[in-house]
Each structure stands twice: as structure tokens, then as C-alpha cells.
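Numbering follows numbering that gives the first Met the number 0, in which position 35 of the sequence shown is assigned residue number 34; successive positions increment by one, without gaps.
Cβ coordinates follow ideal geometry from the N, Cα and C atoms, glycine included.
Source: prediction; values computed, not measured.
Reviewing the structure listed below.
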Amino acid sequence: MHSENRIAEKKTERYEEIIRAAFDVFIKKGFHQTKMEEIARKAGVGKGTIYEYFPGKKELFCGMVKQCMTWYYHTIEQGAKKDGDFRQKLVNMMDAHLKFAAHARSLTNLMFHDFAYISRDLHKWIIEGQKKMVRMVEDILQQGIDEGVLRQIDVHLAAVMFLSSWRVFFIESIFDNNNDEISMEYLKEKALDILFNGILEKT
């Protein structure tokens, strides 16, 4: 049993090494210009070893994207589950999102430009992840209603609007080279201010 566990651990380690190498090479060269030999060299394995894990370059690309997005969804979910009122939970989620955007700016750029290489199955998986995020925000907004802080609103519509603003941050991180962590923090504060206080002048 110990031997079987060690073999499984070794395979997992090798898989992660290949994914990390693929990330570095895809980010640097893009999907079309990347060769499997380059990824194998970066991972310190033979080209044949990669094909033991992935049938081809597209599958490896999708595996790399899925691994990164899995980390993203997990980070967002952990933020939503932290103790606190509904405001703090939304802040936690946005902090997690901006942390991902800051550290994975190259990934969002790659996904934007090479989206055509994302498989239909992965696209469906990403959509399901987005739906799960909507449900998380719905629950948090409902918590705000139950706490008597929020008025009765359509929590689904509000959740979709809230998360849609995040897509702007992704686009900002791709096209605005000056969009550093300070300006992203500024965007977060302003977005939350509008969410919590609205856009109408107080009377």
C-alpha cells in the first residue's frame, strides 16, 4: 500500500511539474508558438512522458488553464466562507479575485488571446464555476437581507451585476500596463462603495 501511495504521489508531482512548465512556456510564447519539446525540456522530462499525461498540446493547454482556474475558484470560495457579516465576505471575495488578477495577469492575457484553443468541455466547466460563484454571492446577499442591512432585492440579479464588474478588472489587468496593485485596490474600494452606497446623492 505504501508503495502504491508513493507511486501515486510521484505521478501527481510529475503532473504538477509539467503543468508549471507548460504555464511558463505558454505564457512566454503563446499557444501557437509553443512546442511540446520546449515544455518537456522545461519540466526536465522526456517528450514521451508528457504524452503519458496529455494526448496533445491542446489538452495540455486546457489542463494548465483548468489547474489555474481551480486555484482561483478555491481561493474565492475560501474568502466567501470566512467568518464575518455580508460586507466582509464580499470584501474577502474581491480581495481574492484581485490577488489572482495581480499574480496571474499573464494567464488572463493568454486566455483572452488564445481562447479558441479552450475545449468545449473546459468552457462548460468554467461556466459551471461562474454559476457556483453567482450562487455564493446570492447566499451572501441573502445573509445581508436576513441581517436587516439590505432591503429586499433580486439577489440573483444583484450577484450577476456584482460579478460582472469583476470582468472589467480582468480586462483592465490585460490592457492597462499601469494597472498595478495600488490602482487595483483603488478600483476595489470604489466598486464596493458604489455597491454598498449606490450612485444617487444622499438626501
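Asked: Exposure label - Met92; buried when at least 16 CB within 10 Å; Found: buried
Asked: Contact under 9 Å by Cβ, Ala100 with Asp138; Found: no
Asked: Start-to-end residues for the alpha helix (DSSP H) that takes in Asp145; Found: Arg119 to Asp145
Asked: Helix, strand or coil at Ala103 [DSSP, three-state]; Found: coil
Asked: Sequence-distant residues of the same chain with beta carbon closer than 7 Å to Tyr71, five excluded per side; Found: Phe99
Asked: Alpha-carbon spacing of Val50 relative to Lys123, whole angstroms; Found: The question names Val, yet the displayed sequence has Tyr at residue 50. Rounded to the nearest angstrom, the two C-alpha atoms are 24 Å apart.
Asked: Best match in Gln87, Tyr116 and Asp23 for proximity to Arg61 [C-alpha to C-alpha]; Found: According to the sequence displayed, residue 61 carries Cys and not Arg. Of Gln87, Tyr116 and Asp23, the residue nearest in Cα terms is Tyr116.
Asked: Coil, strand or helix - Glu200 by DSSP; Found: coil
Asked: Contact belief for Phe132 with Ile198 at Cβ below 8 Å, rounded distance in angstroms; Found: The sequence given here places Met at residue 132; Phe does not occur at that position. Their Cβ separation, rounded to whole angstroms, is 24 Å, which puts Met132 and Ile198 out of contact at 8 Å.
Asked: Top-ranked residue by Cα proximity to Ile17, from Gly29, Leu186 and Lys46; Found: Lys46
Asked: C-beta atoms of Glu3 and Leu97 nearer than 9 Å; Found: no
Asked: Three-state secondary structure assigned by DSSP to Asp153; Found: coil
Asked: Rounded Cβ spacing between Leu109 and Lys65 (contact assumed at less than 8 Å); Found: Actually they do not touch by this definition, with Cβ atoms about 13 Å apart.
Asked: Pairwise C-alpha distance: Lys34 and Arg13; Found: 19 Å
Asked: Contacting residues, own chain, Cβ-Cβ under 6 Å from Lys57 (five flanking each side not counted); Found: Tyr116
Asked: Alpha-carbon to alpha-carbon, Met63 and Thr69; Found: 10 Å
Asked: Which of helix, strand or coil DSSP assigns to Phe60; Found: helix
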